[in-house]
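Here the structure comes first, spelled out in structure tokens, and everything after it is commentary.
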Amino acid sequence: MIVRAVLCDIYNTLLEVGPPPTDAEARWAQLCAAHRAGPRLSLEEFASASEQLIAREHAVARARGIAFPEIYWPHVAVGVLPELRQLSPAALDDFLFAHAQLQRTLGLLPDAAETLFALAQAGVLLGLVSNCQPYTLRELDLELARAGLRRDLFRPALCFFSFQAGFSKPDPHVFRWSAARLRAFDIPPTEALMVGDRLDNDLEPARMQGFQAWHLASQPDQTHGGRWPELLKHLRSQEVSRLSADLPLPHERL
């Protein structure tokens, strides 16, 4: 099969998610004090209150016909901690980014950067399809920079971020949106590959809209699956792909 575009999920596809830092509660108190936001609530209490507000917003959205709603996290955070309203937009972004780092640790998955670079060098268009929040993009920028890459490797027109849309995967509209954007590049979904770690959120809804799919996992549940190096080898091995012969292996990047 020809692959002219590759769309990627972010969490556990590009960014590996690890456990939270052991000193998260102490850092939360310091963060709140530095931004004059308390801490009126502990980290756990803040999470619980946020979940309740999110549940209410989701219920309202579902009542209005949105099957898979998405929230806008800055709005939720300010709703739970009104003290955050005093912060400038930049300071609020910093606060929410720092808070996100207390929820889990992150790092670019092994060989992801090399594979993305090889695909881009071969002329494959790259995009992102992610259930995410504004801080996610900052996290991705940071990890890509550590690997010597930038987010402009991905075509902005092919990037779907749920916090901007108000709905999320596995809503079929997500991949209908992606298919429509690909048409502007004269690429049908049958010539685009969705890469993700979840069958329910990423791969099954993508296939329903005509996309190829790759299950990014060490033990994939699909015929087409494996880690990033296996994906690159798979694309190189496709005799019918007019791009595969041009794909350098990760060690050929330099």
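FYI, the numbering for the sequence shown is 0 to 253, going by numbering that gives the first Met the number 0. For every residue, glycine included, the Cβ atom is placed at its ideal position computed from N, Cα and C. It should be emphasised that the depicted structure is a prediction, and the values quoted were computed from it without experimental measurement.
Identify every residue that forms a DSSP beta bridge with Glu15. Gly106
Since Leu95 and Tyr134 are thought to touch, with beta carbons under 8 Å apart, how far apart are those beta carbons, to the nearest angstrom? 5 Å
Figure out for me which residue from Val16, Pro171 and Ala4 has the closest Cα to the Cα of Met207. Pro171
If contact is defined by three or more beta carbon pairs under 8 Å, each pair taking one atom from either stretch, is the stretch 185-203 in contact with the stretch 2-10? yes
CA-to-CA distance, Leu40 to Asp8, given in whole angstroms: 32 Å
Quick one: grab the DSSP three-state call for Ala4. strand
Between the stretch 112-121 and the stretch 21-41, can you find at least three pairs of beta-carbon atoms closer than 8 Å? no
In the structure shown, what three-state DSSP assignment does Val123 receive? coil
Distance, Ala156 Cα to Ala179 Cα: 10 Å
State the Cα-Cα distance for the pair Ala23 and Ala48, rounded to the nearest angstrom. 18 Å
With DSSP collapsed to three states, give me the class of Leu30. helix
I need the straight-line Cα distance from Pro19 to Gly78, nearest angstrom please. 24 Å
Proximity winner among Asp140, Thr222, Trp227 and Leu86, relative to Leu215 (alpha-carbon distances): Trp227
For Gly106, the nearest candidate out of Val123, Leu14 and His233 (CA to CA): Leu14
Take Arg154 as the anchor and find which of Leu136, Leu127 and Phe162 has the nearest alpha-carbon. Leu127
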